[in-house]
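Please read the structure below before turning to the comments.
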Amino acid sequence: MTARLDSLWADRSASKNRLYRLDRDVRTDVCVIGAGIAGLSVARCLREAGREVVILDRRGVGCGETGRSSAHVSFALDDRLCALQDQHGEEGALLAVESHRAAVDLIERWSTEAAGFTRVDGYLLRAPSSAPDLLEREAETARRLGVEVHADRVPALRIDGGRALRFPGQARIDPLAYVRGLERAFRDGGGRLLRAEATAIEDGDPCRVITSAGPHVDCRAVVVCTNVPFHRRVAYHTKQAPYRSFLLAFEAPRDLLPDALFWDTGDPYHYLRWIDAAGDAGLLLVGGADHKVGQREPDEVPFRELEAWARAHLLGLGARQHSWSGQIIEPVDGLAYIGRDIGARNVYVVTGDSGNGLTHGTLAGPLIAALAGGEDHPWRTVYDPARKQFGREWIKENANVAWQYHDWVAPAEGGGVDDLARGEGRVLRRGLRLCAVHRDGHGQLHAFSARCPHLGCAVRWNRIERSWDCPCHGSRFEAANGAVLNGPAASGLEPIDPATLGERDASE
Ligand code: FES
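Take the sequence shown: its position 94, counting from 1, is numbered 94 in my numbering, and each next residue is one higher.
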């Protein structure tokens, strides 16, 4: 029984991941951890600067969140330019636009034919819950920041009468094909890419990367590109929050919508794009219904809500062909943390994709290559991981995390082991202990301590993806073996012998 719904990109991909294991100690100039778009972009820029680079990844190229992206490639940022200007000032918003525009250009330059890079317009529509003048304010800010924008209409989209802002020069790609092109270029240029699970980093000169299998990497610098940093227990996790975003692909006639990107101003918001634009019929991707990891009814509700929204706002959709979800890390001020790790000498991080992981991951390339080479860069301050943020969003997200610990004193879920259906999971109380118990498709039980190894929240069952999800900072774990699917946890759930679970005790 699969723990994850494969993305459409993974299903379309013919090539397989083949990574050799790190089976001995290695010395290199820079060790990049993570082979998604951020890791490969950073590695490419470091190689172009003449550095020797080893990339480590525990699964394979694009197997994390890159391969689950909707692959909107845009510098008309969906956190909205007027919100970014409020947070970062006009100068900060200008740098954000400049750096994301440069990232779109870099992706175009680095794309192979297989990646299908295509320039398209982006359309922003106003959701009914948003302020009536939001589009006007966004257009005014965009013009001030030098972004081309036009008032337009998308009559087929029944949102606010189809009234929209149109941003020329955005793009769409196949994200998995794209990063596999980056991988080939990296290997052809002499880079090494190895399978290993990094579990700790010793900062210094040199640095050391410790792996779960034993061998280590000694290097002059480490770049952590693992979506969320696994090596810092607290520093980043109080200023960014993990969300699951849901994606559906529908058959649809090609004349239903222009070949463009679409997104609205709702909270949670919705986004649409064509997978490709060949022929009379195609696949239209519809995404959204985001919710915090581990904090939603554990069933198909997000997919049902998303499909209902799509059919209500767009007439003519065909059958649903594909469903999957991905993880988005939302920094409290809308921009990623990219640069020297807080308080570190030779460790760098890329985290907080903010739903713009492809452009944030790409712009990390030139930025980190400059900083790791001892140079400054004009984008450094706006992405500085050490920047301070204590606004309303910070308070809201951290109060939400604190509340999640109430699971340890709340009554246990109903039911026990015996009535646990195949394919299901349940958290059971045994005295003071909470146990995460899953019965697989063959009827076999798999049991773990429900205590998340990151900072001790209790994990919850994710029925859609059959995983154990932590509602505090978004770690996710395989149902069958407790292994880490998403960080920040650096190790899996602690196994329990199912035979010791016995009957429910009197304290439940
Ligand atoms: Fe932080 Fe689980 S991810 S406590």
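Don't be surprised by glycine CBs; every beta carbon is placed ideally from N, CA and C.
Inside the segment 164-203, DSSP marks whole alpha helix (DSSP H) runs of 4 or more residues at positions 175-188, from first to last along the chain.
Exclusion of the five residues before and after E413 leaves R426 and V427 as the residues of its chain whose Cβ lies within less than 6 Å of its Cβ. Within its own chain, the residues whose Cβ lies closer than 8 Å to the Cβ of A221, once the five positions on either side in sequence are excluded, are D29, V30, C31, C207, N346, V347, Y348 and A372, listed in chain order. One alpha carbon belongs to Y20, the other to I107, and they sit about 27 Å apart. Residue range Q240 to P253 is occupied by the beta strand (DSSP E) that includes P242, with no alpha helix (DSSP H) assigned at that position.
Contiguous beta strand (DSSP E) elements confined to the segment 96-127 occur at 118-125, taking only those with 3 or more residues.
Distances taken from the Cβ of S491 to the heavy atoms of ligand 1 include none shorter than 6 Å. Between G441 and G416, the CB-CB gap reaches or exceeds 7 Å.
Taking a C-beta distance under 7 Å as the contact criterion, A71 and R172 qualify as a contact pair. Residue nearest to G204 within the set E478, G343 and W9 is G343 (criterion: CA-CA distance). For L363, the CB contacts under 6 Å within the same chain, skipping 5 residues up- and downstream, are S99 and A103 in chain order. Ligand 1 has a heavy atom closer than 6 Å to the beta-carbon of C472.
DSSP places P453 outside any beta strand (DSSP E), giving it a letter other than H or E. Per DSSP, W379 lies in no beta strand (DSSP E) and is assigned neither H nor E. Residue environment: R158 is assigned as exposed (fewer than 16 neighbouring CB atoms within 10 Å of its CB, all protein chains considered). In the structure shown, P258 falls within a coil segment according to DSSP collapsed to helix, strand and coil.
Between ligand 1 and the CB of H454, the shortest heavy atom gap is smaller than 6 Å.
If you look at R12, you'll find it in the alpha helix (DSSP H) that goes L8 to R12. For K292, the three-state secondary structure derived from DSSP is strand. By alpha-carbon distance to R244, the top candidate from N486, L493, R430 and W379 is N486. Note that the C-beta distance between A370 and H377 is below 7 Å.
Taking C-beta atoms under 8 Å as the contact rule, L194 and V54 qualify, at a distance of about 7 Å. At a cut-off of 6 Å, the beta-carbon of C435 does not count as near ligand 1: no heavy atom of the ligand is closer than that. Under a 10 Å Cβ-count criterion, G189 is classified as exposed, with fewer than 16 other Cβ atoms of the shown protein chains found around its own Cβ.
A distance below 8 Å between beta-carbons, with the five flanking residues on each side excluded, links F303 to the following residues of its chain, in chain order: F246, L248, A289, S323 and I464.
The continuous beta strand (DSSP E) containing F477 extends over residues R476 to E478.
I338 carries a strand assignment under DSSP once its states are collapsed to helix, strand and coil. In the three-state reduction of the DSSP assignment, Q85 falls in the helix class, which pools H, G and I. Between ligand 1 and S467, a heavy atom-to-CB distance of less than 6 Å is absent. Per DSSP, F448 is one residue of the beta strand (DSSP E) stretching across L445 to S449.
The way I'd put it, the segment 221-241 doesn't touch the segment 252-266; fewer than three beta-carbon pairs between them come closer than 8 Å.
For the pair P253 and D259, the Cα-to-Cα distance works out to about 12 Å. The Cβ-Cβ distance between L335 and I37 does not fall below 7 Å.
Contact between the segment 169-188 and the segment 107-127 is established, with three or more Cβ pairs separated by less than 8 Å.
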